[in-house]
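In what follows, a single structure is set out as structure tokens and then discussed.
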Amino acid sequence: MAKFKEREVESVQTENYEESEMGQLHSLHLSENGINNVRSKISTGPGLSHCMDCGDAIPEKRRKAVPGVKFCINCQEFNEKHNS
Ligand SMILES: [Zn+2]
Numbered sequence: 761m762a763k764f765k766e767r768e769v770e771s772v773q774t775e776n777y778e779e780s781e782m783g784q785l786h787s788l789h790l791s792e793n794g795i796n797n798v799r800s801k802i803s804t805g806p807g808l809s810h811c812m813d814c815g816d817a818i819p820e821k822r823r824k825a826v827p828g829v830k831f832c833i834n835c836q837e838f839n840e841k842h843n844s
């Protein structure tokens with residue numbers, strides 16, 4: 761029973777993590793000032809299979825969650841911190 765619960769928590773955390781990434785994009789879309797920002801950062805298209813920065817493979821899940829993604833999650837976070 762306890763083991764089942766642990767697994768459940770793990771999967772919920774993973775989902776929340778991805779949802780928060782999507783949530784960020786959605787809230788940017790909602791703000792009028794954010795629209796241009798989002799468009800310049802995210803082009804439409806299938807995205808890249810490998811990070812433009814470090815060359816790491818970008819998981820398919822992430823490419824689906826972030827259309828036109830060009831960086832792995834590490835580089836994306838790094839870029840966002842340094843661009844803001
Ligand atoms: Zn990278």
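Counting from 761, one number per residue, gives the positions in the sequence shown under the working numbering. All C-beta atoms, glycine included, are put in the ideal place defined by N, C-alpha and C. Note that the structure is predicted; figures quoted are calculated from it, not measured.
query	result
Run of the alpha helix (DSSP H) containing I833, from where it starts to where it stops	I833 to N843
G828 beta carbon near ligand 1 (any heavy atom closer than 8 angstroms)	no
Those residues which DSSP pairs with A817 across a bridge	H810
Closest residue to P806 among E840, K841 and F831 (Cα-Cα distance)	F831
C-alpha distance - N732 paired with M812, whole-angstrom precision	Nothing about residue 732 can be reported from this structure: the residues present for the chain run from 761 to 844 only.
Close Cβ partners of R823 (< 6 angstroms) along its chain, the five nearest in sequence each way excluded	G807 and V829
Helix, strand or coil at K824 [DSSP, three-state]	helix
Own chain residues within Cβ distance below 7 angstroms of C835, not counting five before or after	C811, D813 and C814
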